[in-house]
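*Asks:* Mind having a look at this structure? Questions to follow.
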Amino acid sequence: MASTNPGKRPAPVSIADQIDEARKRAAEVRARIAGNTGKASTPVNGQAAPPPPPAPNGAATNGVPAAGVSAIQARLAEIKARVAASALAAAKPAQSHNPTPPPPSRQSLPSREPPIHNDFSRQESSAGGRGGLNVGIHPALQGDYQASKDAQKGNQRNNKKEEERKTPENVNPYLADSAPSRSRRGALNFNHNMHERPAMVAANEMRRKANLEAMKKRIQEQTSKVGLDDTAETTAFEVPMPPDVEFWDEGLLSGGMVNNELITNLVVHPILIEPPQEKLISTKPMELKLTEKERKKMRRIKRLEIHKEEQAKIRLGLVPTPAPKIKHSNVMRVYGEMAVQDPTAVEAMVNKQVADRLNNHLATNAARQLTKEQKEEKRKLKAAENAKAGLNLMVFKVALTKDQLLGKHRFHIDVNAKHWSDLTGFCVISPPFSLIVVEAGEKSSREYKKAMKRVKWKGILEGGGEVLDPERWKGWEDDTCTLIHQGMIRDHRFKKWGGLRETESESQAREALARAKLENFWVQAKALEGIVED
């Protein structure tokens with residue numbers, strides 16, 4: 004902004020203008036000094052000529068004292084230094100368009116020397132900030148002396164600390180180069196919320212409940228004083244329980260209330276009983292019955308598969324090759340020349356191998372046989388398995404007198420009954436006829452029934468104990484032994500097969516059946532001729 008005073012020079016706008024202005028002022032000062040001393044000097048390339056040597060013996064130069072001249076010269080040197088520093092600072096912005104070089108380290112930066120101020124210049128600057136000839140100095144030529152002085156002291160202090168720290172005796176190879184610094188400790192927080200603590204929350208809840216109970220009690224007392232009751236509205240809609248004895252039953256119950264604890268509003272369900280036919284239903288798939296020819300064929304196929312498997316193992320080397328099976332029929336084919344040269348030795352060897360095979364076979368069969376205890380255990384297991392489907396009671400009537408019932412007849416009755424381990428009962432032989440009472444499982448009863456139908460009763464009787472002509476009785480239907488009763492029972496009445504019991508009269512036979520509570524079958528057998536099955 005231009006000055007409004009026409010007598011003053013306008014202030015420079017840019018740094019370059021300020022430098023030119025400072026140079027012009029310096030030239031004017033030098034011209035004045037040269038005019039006063041009688042030695043005018045013109046600047047060359049913006050630099051002043053070296054000052055003249057001082058006069059000896061403190062003589063004055065053109066009327067100016069020697070001390071004043073030296074002060075002026077010092078002032079001029081200071082102005083020149085300031086002008087050079089300003090020119091250097093102005094030249095730096097022009098170089099900013101070039102690529103910026105990496106910044107030098109702090110140690111490599113040259114320390115700027117503070118400007119020299121003597122007593123005369125300090126007096127002049129304190130007088131009004133004017134030059135040696137009472138000429139104003141531009142603010143751009145005045146540096147921040149105090150800031151530069153503090154910066155210089157700081158740089159010197161840092162350089163001194165860095166040099167002391169990097170001396171060989173002070174360097175620790177296990178620590179970092181940075182100077183130690185103190186870590187800041189976090190501030191303590193004393194702003195606790197007392198209302199969010201569990202104890203405080205529980206205490207507040209207890210106080211709230213206590214206040215609520217007190218309020219309810221106070222309201223209850225007030226309502227009782229007025230005569231109101233909370234239960235009055237609810238009791239009006241309640242249905243009263245019926246009395247134990249109604250008024251119309253009081254005359255009937257003269258002795259008072261009877262004990263009716265068993266009468267409740269609960270429904271008692273009976274225990275479910277499984278139907279008896281459920282255990283007769285088998286869950287196993289029905290087996291396919293094969294004929295004898297089919298069974299032989301299946302056996303041949305199975306043995307062939309086993310033989311092929313053994314041959315494959317021998318071929319792979321898993322099983323050693325067995326010795327040839329020598330017999331009298333193949334000895335010449337196996338041992339050709341050897342059998343011709345020494346037939347006696349070969350025959351002895353063959354006999355020995357045949358005997359060894361027979362002994363091994365007999366030993367294997369003997370080891371496979373069950374002992375007496377094992378047989379008894381197996382019999383019990385079979386009996387239990389056969390009795391799972393239920394027990395059958397069968398009563399047979401044999402229409403032969405005591406004298407007609409021969410030994411062969413009795414043999415068939417007794418042996419077929421003993422063949423089944425779970426079959427119990429006995430046979431009563433009386434003068435008019437005989438009764439066979441049998442208790443057995445499903446399979447045993449079925450097989451015993453078939454055996455009684457196969458017996459040739461009349462053929463044995465006519466042959467005197469043997470069937471003389473089997474072809475005659477081959478298609479004959481013998482009705483001598485008939486089944487008069489068959490049904491299921493829960494438990495056995497007899498512990499074992501009791502065999503044959505001969506009686507001399509009907510009363511004795513009836514008493515034998517009465518011991519097992521089966522005397523009604525005697526009456527039935529005597530009344531009926533028998534049940535002919537389809």
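In the working numbering, the protein residues as written are 4 to 537. Ideal Cβ positions, reconstructed from N, Cα and C, are used throughout, including at glycine.
1) Taking just the CA atoms, how far does Met209 sit from Pro243?
2) Starting from Ile463, trace the alpha helix (DSSP H) in both directions and tell me its first and last residue.
3) Three or more C-beta pairs under 8 Å: does that hold for the stretch 497 to 510 against the stretch 417 to 424?
4) Under a three-way DSSP split, which group does Ser17 fall into?
5) Give the list of continuous beta strand (DSSP E) stretches no shorter than 3 residues that lie fully inside the stretch 385 to 451.
6) Name the two residues that bound the continuous alpha helix (DSSP H) containing Met301.
7) Per DSSP, what kind of secondary structure is Trp251 in: helix, strand or coil?
8) Return the residue from the list Ile304, Gly258 and Lys461 that minimises the CA-CA distance to Lys411.
9) Can you give the Cα-Cα distance for Ala443 and Leu409, rounded to whole angstroms?
10) Give me, in chain order, the residues of the same chain whose beta-carbon lies closer than 7 Å to that of Val47; leave out the 5 immediate sequence neighbours on both sides.
11) List the endpoints of the continuous alpha helix (DSSP H) containing Trp500.
12) What first and last residue would you give for the beta strand (DSSP E) that runs through Gln489?
13) Mapping DSSP to helix, strand and coil, what is Thr286?
14) Exposed or buried, what is Ala528 when buried is set at 16 or more other beta-carbons lying within 10 Å of its beta-carbon?
15) If you draw a straight line from the C-alpha of Arg28 to the C-alpha of Leu91, how long is it?
16) Roughly how many whole angstroms lie between the Cα atoms of Arg26 and Asp20?
17) Quick check on DSSP: helix, strand or coil for Ala326?
18) How big is the Cα-Cα spacing for Glu81 and Ser17?
19) Go to Ala528, then tell me how far its alpha helix (DSSP H) extends in each direction, as first and last residue.
20) Could you give the distance in angstroms between the alpha-carbon of Lys299 and the alpha-carbon of Ile492?
21) DSSP on Ala37, reduced to helix/strand/coil?
22) Is the CB-CB distance between Val398 and Val440 below 9 Å?
23) Looking at Ile487: is its Cβ nearer than 9 Å to the Cβ of Leu531?
24) Give the straight-line distance between the Cα atoms of Asn523 and Trp476, rounded to the nearest whole angstrom.
25) Report all residues from its chain with a CB closer than 8 Å to the CB of Pro279; omit the five preceding and five following residues, and keep chain order.
26) On the criterion of 16 or more Cβ atoms from any shown chain inside 10 Å, does Trp525 qualify as buried, or is it exposed?
27) Can you tell me whether Phe436 is buried or exposed? The criterion is at least 16 other CB atoms within 10 Å of its CB, across all chains shown.
28) Round the Cβ separation of Ser424 and Arg382 to the nearest angstrom and send it over; I've been treating them as touching at under 8 Å.
29) Apply the 10 Å Cβ neighbour rule to Thr33 and answer buried if 16 or more other Cβ atoms are within range, or exposed otherwise.
30) Does Gly428 pass the burial test, meaning 16 or more other C-beta atoms within 10 Å, or should it be called exposed?
31) Would you say Lys328 and Arg360 are within 9 Å of each other, going by their C-beta atoms?
32) Could you check if Asn389 is buried or exposed, using at least 16 other CB atoms within 10 Å of its CB as the buried criterion?
33) Taking just the CA atoms, how far does Pro434 sit from Ala515?
34) Here's a check: name, in chain order, each residue in its chain whose Cβ is nearer than 8 Å to the Cβ of Glu536, leaving out the five neighbours to either side.
35) Taking the Cβ atom as the reference point for each residue, do His415 and Ala366 lie within a distance shorter than 9 Å?
*Replies:* So, to answer that:
1) 39 Å
2) Trp460 to Gly466
3) Cβ pair count under 8 Å is three or more, so yes.
4) Ser17 falls in the coil class under three-state DSSP.
5) 394 to 401, 427 to 432 and 437 to 443
6) Glu295 to Leu319
7) helix
8) Lys461
9) 26 Å
10) The pLDDT assigned to Val47 is 42, lower than 50, so where the model puts this residue is not dependable, and the model offers no usable value.
11) Careful: Trp500 lies outside any alpha helix (DSSP H), inside the beta strand (DSSP E) at Trp500 to Glu505.
12) Cys484 to Ile492
13) coil
14) buried
15) 19 Å
16) Asp20 has its alpha-carbon roughly 10 Å from the corresponding atom of Arg26.
17) Coil at Ala326, not helix or strand.
18) 23 Å
19) Glu522 to Ala530
20) 41 Å
21) helix
22) A Cβ-Cβ contact shorter than 9 Å links Val398 with Val440.
23) yes
24) So the two alpha carbons sit approximately 34 Å from each other.
25) Gly393 and Met491
26) buried
27) By the Cβ neighbour-count rule, Phe436 is buried, with 16 or more other Cβ atoms within 10 Å of its own.
28) 4 Å
29) Note on residue identity: the sequence assigns Arg, not Thr, to residue 33. With 16 or more Cβ atoms within 10 Å of its Cβ, Arg33 is classed as buried.
30) buried
31) yes
32) buried
33) 14 Å
34) Confidence in Glu536 is poor, its pLDDT being 43 and thus under 50, which makes the residue's placement unreliable; the coordinate value appears in the next sentence. So the qualifying residues of the chain are Leu486.
35) It is not a contact, given that the beta carbons lie outside the stated cut-off.
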